[in-house]
Structures are given as C-alpha cells and as structure tokens.
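Below: one structure, written as structure tokens.
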C-alpha cells in the first residue's frame, strides 16, 4: 500500500510506466484503435472514408530465433511515430508489420535446433510479436501477414504464374499475356525468335518457341553452386570473396537447368523510372550501376569458321585490338581450342604450364571455379590461357591470339572482349604479364608507363577499305566506326546492360513450391489457379543434401526429391488423368517480399491478391499531391540500404509486371524510400580474441577489464554473437517503453548510425518525469496545472515549439523533435514552480504523443478527456508568435561588446543608436569621451568609435 506521507507516491517510475503501458496497449487492442478501413471488402467501413491517407511501412523482417536487440526497433519506432503524427493530422493511416519467414535462414536455424522449420518459424514470430508489442507500436494487426501462410503463398504462386504466362512486347515496352502472343503467332503477325513462322513448326517446336518469349523460363546456364549449403545462389547472394553470404561457404560456377525470370526485359524501365522516385540518391546510384546500361557496338571477329561477338563502348579503338579474351565459361571455348599441342615458339607464359591447350584450359577452369564474379573483376593478378588459335580483326584483317582469362565474365556482355591494352587498364596489365604488343590508337598519354583511358584524338586508325578516323575526337570517331562496321556487315550499334536475368530456384525445403509440374518428357505445365496453393509435404528429413564445401563437382539434390509420394502425382490438366512430377526446387526467399506490401492492403481477400479499388486508394498515383509523373506506391518505406539491388530491384520488377497486366494502378511499389541508420555498440574481446559480455566490462583509467583481465574494445554491430546485445525487453522493464522510444529517437538523425549507451537512457526517463510533474502532483496524484492565462513569453514559446515540432515530425527529424519538446518542458518547469497553466501543458502532451504515446494517453485521460489521444488534432500555431516584437542588439565600444540593449524589432537606426547611447553601461563608459563615429549593422550590432 502506498504511504500517504510519501512525497513521491505518484512519481513517474519504471513500475508506473510499465503499468500505464500495459493498460493502454490493452485499450488499443480492445478498441481496434489502429484499424485502418478499406474502400471495399472485408476491411471496409460503413462510414465515410478519409480521402487523406498515409501508407507507411517497414521493410519485411525475418523472424530471428535470437530475438530482437535494441537496434532492431529503431526503424519501427520511427515509422510508428510518423504514423501517429499523421493520424493526428486527420489521415487514414495504414501501418502494419508482417514476417518474411521462408528461406535459408529459417531452414538453417531449424537444422541447428533439430526442429521443423515451421515450428521454429512460428515460435520466432510469436517471440518477435511479443517483443514488439511491448513497444506500443500502432499496427493494424488484422493486416499482418506471413509468407509461410498458405493464404499468402497461394498468391505468391499465383503471381509467379501470371509472370510465367506473360511475355514482354518490345514495341509496346510492356508485359502482355502469352495468349495474345500465341494469337499473333498463329495469325502470322509475328515470327518466332529465330524468324520462323509458327505454322511451319511441329507442336513440340511451337511449345519451345513460345517458351523463348516467356518472362519465366527454364535455362541451362552458369549458376553459383554452393556445395556447403546444397543450393544455388543468385549473384547478389555471393560475397566479393566468392563465398556464400549465408554461412561463408565456397561458391563455384556450374551449368545447371534452373528457373529464370527475364528481369532484363525491364532494364530500361527499371533504370529510367528511378527518376520518378523519392529515394536516396545513393540507392538510385547503386541500382543504376547494377543495371549498367551503356551504348556502343557489337563487333564480330571470325575464328575457325565461327563468329565471336564482342560488345564495346569504344569501337574507335578497334585498330588497337591486339588479342581477344573469352570468359572461361564461354560456349565457343571448346570449339576454338586447338586440337594440336602448342607450337614451340609459343610464349611459355601463355600455356599455363601445359603442352596441350585442352589440358591447359581444363586446369585453368578448375583453379578459378571458386572465384566470385566480383573477385575475378577486381583481381590485380592477371592470369589466362592461350587457346592455340587466332581471330581476325575486322577493321585491319590482323590475326590476333585468343585467350581465356578470369577477368572476363560469361554473365556480362557477350562473354568475350577485344583487348586494347594501350587504352584499358586491365588489358594493359594482362598484356604486360603475357608479353603482348601494345599499340597506341588514341593520342594523349604515355603508353610506355600506363594505359591511356581519357578522351583524345584517333591515331594509327585507318584501312584501305574506306575507314579513316585519324584526327577525329572520341565522339566522331565512334560514330564513324559504327557506320563503317554496319556498312561492312561486321558490326552493329547496340545498347548493353550489366543486369542478368534473375535465378529463381533454390535446392531447399523451406520455400514456396513451384506451381508447375512436368510430364515424362520433362515438359513443364503451369497448374490452374484451382490447384493453388501447392503446399510443402510433411517430411521427416527436410535437411538439404549438402556436400564437402570444396567439392565443385557435386550435383544438387533437393530435399524435396525424397518425398516421392508428393513429387509423383496424377492430375487432369485438360487431357485426362496423367502422371506428372512436381518441381523439387523451391522459390528463393525474395519471392514473398517482392509483393507483400500489396497484401497488407487487402489481407483477407479470398478472390484476389489485392482488390484494385483498395490498391488504388492506398498506393495509386496521386498527381494532385505529388505531380503529374507520380508513379504511386507506398508513401513511406523505411529500411536498410543493404537491400538496394536485392529486394528493392526484385519488387520493382514484379510490380511493373502486375502493372502492365492491369492488376495494380501504381507503376512502382515504393514512392518514397528512407534508409535508417543503425544502432551500434561497443564489443570486447579477451587475449584469445573471444568476445566477453559487454555489460560486465568495467572501465578504469581509459582501459577496459573483464573479471580483472584487460580486454580490447571494438565498435560496430550489435549482436548475440558479439555478446553486446541489449534486449528491448530489459530496457522496457527497467525504464519503460516510452523512455526507450524517446531515447532511440533522440540519439541522432534517423539516417545515421549511432552508439548505444544504456547509461544515457536515464536522460530520456528524466525528461518524461519532468513532463509528468507538469501535469501530475507527485504527492497527491491530482492535476498539478493551474487555470492561469498564458503570458506573452508562454505563447511565444508554445507556438514556436508547435511550429518547429510539426516541421520536424513531417520531415522525420525525430531527434530534433525530442530536443524541442525537452526545451519547452524545461521552460515551463523553470517558469512555474507552483503549477504551469493547463493551456500550456495540454499541447505538450499532444505533441509528445507520437513519440511517447503511453504517457500521453494517460495524461490526456487525467486531464478529463474520454477519447484516446490518437485522433486528437495536432496543435496548430499562430504565425504572429513566430516573429520577435523585440530584438537584442549587442553594443560595442571600439569593437568590443560592452552591453546589450532590447529594442523594437521595427525600430529605425536613429532610435537604436539613441537607445545604445542611453544604456547605463554605455553611458558610463563614454562619459567625458568623444563619440567620433556611430555604426549600426541592421539587426546585428551597434559599434561606437570613442576617443
């Protein structure tokens, strides 16, 4: 029982904060406070729907088995604060959070713990929900989704089928249903990719011709095979060191039949539409570089009866091409290999220590198999093998040697380059290493020392077939060379891209099954919508078939292949019951996250992934608000920059296909992107390099000790493995959730990283305690405010705070929001010892509500309001209080400040100078002296020159 004589019986303590927070979280839950109504469907409202809306989302989290640390909620608290502020502006706000629960991390965690992925995933989600609930996040829980829910992945599979049953019309620059293509082929309005008429093909050839157009296709191509994980990986999932991003296992290049998505068809739109987006320039630049559009020429060199196509952005340097390099995986390597041993006069550096070209190539390929694309490109040590054959340079007829080298990649351009060592740094290094000639064809540098890669004039560049570009600048030389190549038939102008098609299959268990089956001949058949979802079978052994991490010759064996009763199935797909075989691969973890924001819009819709009317309301273009080029999309999307060329690129591709097919009205998934920084922390290692618990480390005289032993301090990530993670549960228990929210928002600008320091959390707690004391008497629990009118200074402080806070909330400057609120609370605390005016305190409760909602709700109720503060209008300000009616002017004597005077803001020069001379301090110091000059700098200062 509370002691009545206790002068702090009603103080805002962690215990009281915890009690208040539980009470209001329960209230919000019971009243559906954050339920956002839809225009139509299960979540529609009977009343009028606000036209002003806000769709704010966080990047889809993976439910980690390790649980959350205080760094994880940074973005969630920020978006919740922003969402709450906009609700107070009268907007209908959609804010929720789902879980990206399929994929490799969940499966690996399940294997480590010996439990089924579904069990561990659901446990992790439940734990994460529990942790997040403590923070008072205003999510519409009805809209939360999980990628592992059949009601969700049914639509992931459905979207896959829409993409599979589509093709990209180059003329219209959009996706169209494959059925429309078939009609055009059958009517001879269009030919196949190789120029044949559809009617001249056999049924099998017709199917193959159609498949060549599809946006999803099976390809026997070079992929990243990771034996240690037992699966293939996308380029984006391989580190620069040639290791798997997950697990750090070696990755090898291997030819396999895999599902691919033709994302390259959208290269131009993905690139050009970046201009429509309100995204950080850093992310736009990363996507531009990844797509890598460049203009140049595709030139054909001939060798051994074959044409070798090369793309170059500098066709003007063709006369300086001294050798050719093919990627070791290039399809013509084996055909171009000399069948006889190297000649005796071949430089030994060219043979890779072998007499036979075939043996040299096999040995070289084996040695570079574990290198990643990035490692191969950045490798300073140039290696390669001569194929024993030569190619003909089309501009001068010269025979130049053909090599393979790892710095040329099969996945970029044509997989072959013409090497111009005088004007390309990598070619120069290779030529120096292999003793190859270097011919200058662009004047301006010193090729005796290094490659000259700048613009210049063409030299040594003419032939007897009408091409002479000597003396021309770069632009004119390129244009003339391309013109000649096209006339000669040895090249064409072309635009090239770095972007490769998306590898869309994994040899795992825990992922979305493909809605595709195969007949006995291996022909793929898409399943009808009525057969969705295709669910994973319940199996005892779901572990992947992994191999020795260094076994490059191993072959993928998907775990689903063991479930024979599931794999082999009898279906009627229109031709009567037949035996078919399911695909034993699963979709990558990026599948569900490529469209989940659309399911948030309409999560209970059984007839569509998202009703178009609901999508149009929440994510459709708003040209009246955002301009005529507005692409639509989520109004604010917050997450880390590390997803720039993975999730963000993939989701843009899926969304554009859905837009082309008429399923959505928005051209882009995310209108505005904001990259939050990270909360980092100090970690400590002992003499063995082993991490020790950061919470138990003591600092003495600038050194750090654990159990009496000096340890090393390092700064960076926060995580369980580094033993420096701080759980939000602990901070909420010891300080209260509102204190945690205020502290994380006050630590610094949202887009920068900042260090965590538990000892500093108390500062945020004291701010909330001062706010509490302004409203509540700590002894009696009664209201501490008075009915007094606001003074002129009060009004000035209040309205300036409101104006500043509104602007900061709107622009996500949440750290300065907290700073302004602290300043205003301190002003009232200092100005009023016996109770501040209620009219001055109520507005600060409203202003603090977005960032510290629990204490705001409690104080609002104590002020006698019956309704939640959630929808109370945010305070407005009067412009007149933002302008000073008086200003302070420093007065100098001979350049040194001697006093300060208060004058009317609109006072003229004479009035201000007279006031300066009348000032008591100034009058005393000028008495008996001659003021020879009076200087006034408007609004800044007065300077009196005195002798």
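Numbering (this note's numbering), first residue to last: 312 to 1258. All C-beta atoms in this analysis are idealised placements derived from N, C-alpha and C, irrespective of residue type, glycine included.
Under 8 Å between C-beta atoms of residue i and residue j
i	j	result
residue 1216	residue 1198	yes
residue 1247	residue 1253	yes
residue 817	residue 543	yes
residue 749	residue 635	no
residue 945	residue 981	yes
residue 609	residue 803	yes
residue 541	residue 858	yes
residue 726	residue 648	no
residue 1066	residue 1113	no
residue 594	residue 959	yes
residue 915	residue 529	no
residue 675	residue 639	yes
residue 680	residue 563	yes
residue 466	residue 910	yes
residue 1005	residue 1034	yes
residue 349	residue 830	no
residue 1029	residue 1126	no
residue 369	residue 393	no
residue 536	residue 565	yes
In DSSP terms, what residue i is bridged to
i	result
residue 605	807
residue 971	Its beta-bridge partners do not exist; DSSP assigns none.
residue 1198	1214
residue 1065	990
residue 1088	Note: residue 1088 sits in no beta bridge, so no partner.
residue 998	Paired residue(s): none; residue 998 is not in a bridge.
residue 554	561
residue 1246	1254
residue 897	817, 824
residue 621	610
residue 369	949
Endpoints, alpha helix (DSSP H) assigned at residue i
i	result
residue 921	Unbroken run through residue 921: none, as it is neither H nor E.
residue 515	514–522
residue 1153	1149–1159
residue 1262	It is not possible to answer for residue 1262, since the shown part of the chain is limited to 312 through 1258.
residue 904	901–904
residue 475	461–475
residue 1109	1103–1121
Residue i classed as buried or exposed, judged by whether at least 16 other C-beta atoms fall within 10 angstroms
i	result
residue 366	buried
residue 1238	exposed
residue 424	exposed
residue 315	For residue 315, the predicted model reports a pLDDT of 48, less than 50, meaning its position is unreliable and no value from the coordinates is stated.
residue 716	buried
residue 318	exposed
residue 337	exposed
residue 1075	buried
residue 397	buried
residue 385	buried
residue 832	exposed
residue 342	exposed
residue 1054	buried
residue 894	buried
residue 371	buried
residue 987	buried
Span of the beta strand (DSSP E), counted from its first residue to its last, around residue i
i	result
residue 533	527–537
residue 563	563–572
residue 879	879–883
residue 1015	1014–1017
residue 770	From DSSP, residue 770 is part of no beta strand (DSSP E); its letter is neither H nor E.
residue 1263	Nothing about residue 1263 can be read from this structure; the chain reaches only from 312 to 1258.
Residue i: CB within 7 Å of a non-hydrogen atom of the ligand COA
i	result
residue 1078	In the structure on display, the ligand COA does not appear, and there are no ligands present to speak of.
Segment contact, 8 Å Cβ cut-off, at least three pairs: the region 474–493 with the region 522–533: yes
Meets three-Cβ-pair contact criterion under 8 Å: the region 414–434 and the region 320–327: no
Check whether the region 1165–1176 touches the region 1129–1148, counting contact only when three or more Cβ pairs, one atom from each stretch, lie closer than 8 Å. These segments do not touch.
At a cut of 8 Å, does the region 917–933 reach the region 967–976 through at least three beta carbon pairs? yes
Between the region 806–821 and the region 776–791, are three or more C-beta pairs nearer than 8 Å? no
Per the contact definition of three or more C-beta pairs closer than 8 Å, is the region 873–888 in contact with the region 442–449? no
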